[in-house]
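Read the structure below first, then the notes.
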Amino acid sequence: MSLVKMYFWRLRSCVLVSCLLIFILIIIISFKKTPVLDNRLPIEWTSRFQSVYETQRGGYVTKARRAEESKQNRTDIFEWTMPYDEYCRSKINDTLYDKSMVIPDDKTLKTIPLQQLACFYNRYISSIQSLCHTHQFLGQIHTGGVMVCSDAEIKPNGSVLFFEHDIPDFQMFLYDFMARFSPKVTYFYIERPLENTTIPPEFYFRQIQGTLSKEIDETVLSLSLSDWMKKVSADELQIFTFSVREETLTAFEDFVSSSAINHIKILVIKLHYDHNNYTTTGLTRRLTPLRRLYEQSFRIYWFDRSFHCAIKSSKSKFNDCFTVCLIQQEELGKTRDTLKNSEHTESYVLPLVSAIPILNEQEAEVTYQNYLTTLQYHCKQFVRIGRNVDGGWEVCLDRRYLPGESCLVYSFGIKDDWSFDEEMSNYYHCEVNSFDPSLDIQNHTHTPGVHFYNIGLSSKDKIIPGMVYGNESKRLGNWTLRTLQSILLDLGHLNRTIDVIKIDIEGTEWGSIPNMISSGILSNVKQFLVEFHGQGDVASLRVLRMLYDIGFRIYWMHRNPACQNDGHLIPICSCFEIYFVNTHF
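Numbering-wise, UniProt numbering puts 85 at position 85 of the sequence shown, and it's gapless, one number per residue.
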């Protein structure tokens, strides 16, 4: 019995000692454990937080928790947190999708590595922060022009403009403005002295009153920018354009910091910055005024990558100049705060299919142009895939439309540009199927993940004589054309979700799309990117209405500058890149 007791007490002692050791070990681990850094911060940013922890043990945990609570209350914005990416294509952290970007404070900006800061600059000014449904394009398509928001709450209703004189063919811009908004206009622009290469402290303001037929009065003023702003009443500042170059950067910083900014309805900024001269200081000086504009309730509703100053490399996503259009958000009223309200809106709806045939030719053309320039869905994050110039396409990265793990892409119309197809494969790991019979090459694997087929898209399966577009004298062999349903069946993708379909097939899209709709194939398509050709007629309106009826909404549009402006007072574009999302996903 005594032996049993002895073993019992020994066992009890061992258990107690073991428990004590485990308890001590837990305390040691908890004490020495490095706090988990916020995974939304790039690795390069964490060193300064780590040093705080090492000098004030435990202090970072409290700060991090407070910062996290603060961020949870800011559900509509996020700070830049993408990892290093040489070409600015990285996906955003899962917790940050469906939010608009916000610029960090200057101290934080200066800690971001130059490459990532450059990516941030280019991605920020090519994001949409507020949804303007209807637009009026003023000026020449091939020289730039300006996209003016014409929603009822924001469209210019006065007769005064201000120009920092940097709009190509701005006389055309004025004609368009007067034709749409006001038959009489007073406008100002800065005129720099010919003998100087930089703008002096005093600007030379040329004030002109005129109508469509003639100039009535002209006055030249020599004032500082702030003094000039004091002379102009608040209701006069309908559109304000400012060209931001190295020599005007200080003036732009002062202008944004002044109270005069609150009186502007629409602000158009021409940003010029050679990517070869990027520095942390230079990028910070450009981002800081943009942050102040955001704090003053200005939101980006449109941007344009100027093709004439795009970097031609298919890999680079930098542009040396952008046109960025902003609206004063308070002008829209709280009910139109698109950063908080639903992103899906009904703004300009086509007539029912049965009512479209009653439109005459001119009505159909105007309706077509108006509809294709109406945005119906607010995609907060999209990135250009492919070249910055013609050949690249904007892909929506909002959570519900983000390319998935088993991403599938169909690309119709290659010509000699594979940049879109290659990037969708290389950077988003998509299976890409590319089609173009005009290349006159056999089926092959172009690159790992990109499979080429010598097949064209059509409304029915058939074989036709081939030709090179734009050169009817050069004949090719026969072309094999298939419907999308037949192609999907052959490749075993009939019931697969297709992340992106891209179509640029020189006008034959109008015959192919109705078959896609009637077959039900498009119900499995997340994003539908099409270049539409032509100036609009009853048949094309019918196709667009059918796409609308099955849930496709326009989130972006782009006028191809290769298509000339066929109108004078009413610009007409004959090829639009139109970007749809399927709202049934």
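C-beta: ideal position from N, C-alpha, C; glycine also. Note that the coordinates shown come from a computational prediction; the quantities given were computed from them, not determined experimentally.
C-beta atoms of residue i and residue j nearer than 9 Å
i: I300; j: I154; result: no
i: V543; j: I503; result: no
i: T497; j: K460; result: no
i: V409; j: N433; result: yes
i: Y348; j: L114; result: no
i: S519; j: A364; result: no
i: G466; j: S512; result: no
i: T128; j: W556; result: The sequence shown places Ile at residue 128, not Thr. Yes, the Cβ-Cβ distance between I128 and W556 is below 9 Å.
i: Q369; j: G536; result: yes
i: S243; j: K270; result: yes
i: I266; j: P156; result: yes
i: T241; j: V146; result: yes
i: Y377; j: V581; result: yes
i: R387; j: S411; result: no
i: F307; j: P561; result: yes
i: E422; j: C407; result: no
i: I550; j: S574; result: no
i: I463; j: T480; result: yes
i: N122; j: K380; result: no
i: L350; j: I358; result: no
i: C563; j: W302; result: no
Which listed residue (the options) has its alpha carbon closest to that of residue i
i: N262; options: Q369, S574, D254 and Q328; result: Q328
i: C321; options: N360, E365, F298 and V268; result: V268
i: F452; options: Y555, I463, D436 and T108; result: D436
i: F528; options: G534, D537 and E509; result: E509
i: M424; options: V450, Q535 and V543; result: V450
i: D499; options: L544, G404 and P561; result: G404
i: S458; options: T445, Q485 and S434; result: Q485
i: I501; options: E531, N478 and T480; result: E531
i: R545; options: T281, K317, T134 and V353; result: V353
i: P104; options: S434, R285 and G551; result: R285
i: Y579; options: L439, G534, F382 and I487; result: F382
i: S259; options: L293, T248, T281 and N319; result: L293
i: F552; options: D490, E246, P351 and H584; result: H584
i: I505; options: L491, H444 and G534; result: G534
i: C149; options: L16, I112 and L375; result: L375
i: residue 633; options: L283, Q238 and P289; result: No information on residue 633 is available, as it lies outside the stretch 1 to 585 that the chain covers here.
i: V256; options: F576, L174, E295 and S306; result: E295
i: C88; options: L117, T108 and S18; result: L117
i: K107; options: G413, T280, L21 and C14; result: T280
i: H275; options: C119, P448 and L491; result: C119
i: S130; options: I358, L326 and Q238; result: L326
i: residue 589; options: Y175, T373 and A152; result: In the structure as shown, the chain starts at 1 and stops at 585, and residue 589 therefore has no counterpart that could be examined.
i: V324; options: G282, D151, I239 and I385; result: I239
i: F188; options: L397, N319 and T219; result: T219
Residue(s) in a DSSP beta bridge with residue i
i: V353; result: Paired residue(s): none; V353 is not in a bridge.
i: M147; result: F137
i: G392; result: D390
i: I464; result: W479
i: residue 595; result: Outside the modelled stretch of the chain, which goes from 1 to 585, sits residue 595, for which no answer is possible.
i: G456; result: L481
i: L161; result: Y187 and I239
i: F552; result: N582
Endpoints, alpha helix (DSSP H) assigned at residue i
i: K107; result: D106 to L109
i: Q381; result: Premise fails: Q381 is in no alpha helix (DSSP H) and is neither H nor E.
i: Q129; result: Taken as a continuous stretch (DSSP letters only), Q129 belongs to no alpha helix (DSSP H), as it is neither H nor E.
i: C121; result: Note on residue identity: the sequence assigns Tyr, not Cys, to residue 121. Segment L114 to Y124, the alpha helix (DSSP H) holding Y121.
i: N370; result: E361 to L372
Residue span of the beta strand (DSSP E) that contains residue i, given as start and end
i: N582; result: C575 to N582
i: C321; result: C321 to Q328
i: Y410; result: L408 to F412
Any non-hydrogen atom of the ligand ADP within 8 Å of residue i CB
i: A364; result: For the structure depicted, the ligand ADP is absent and the ligand set is empty, with no information on it obtainable.
Suppose only complete runs of 3+ residues qualify. What are the beta strand (DSSP E) ranges in the segment 229-304, listed by chain order?
239-244 and 266-272
What runs of the beta strand (DSSP E), each 3 residues or longer, lie entirely inside the segment 419-454?
431-435, 444-447 and 450-453
In chain order, which continuous runs of the beta strand (DSSP E) of length 3 or greater are located wholly inside the segment 491-542?
498-503 and 525-533
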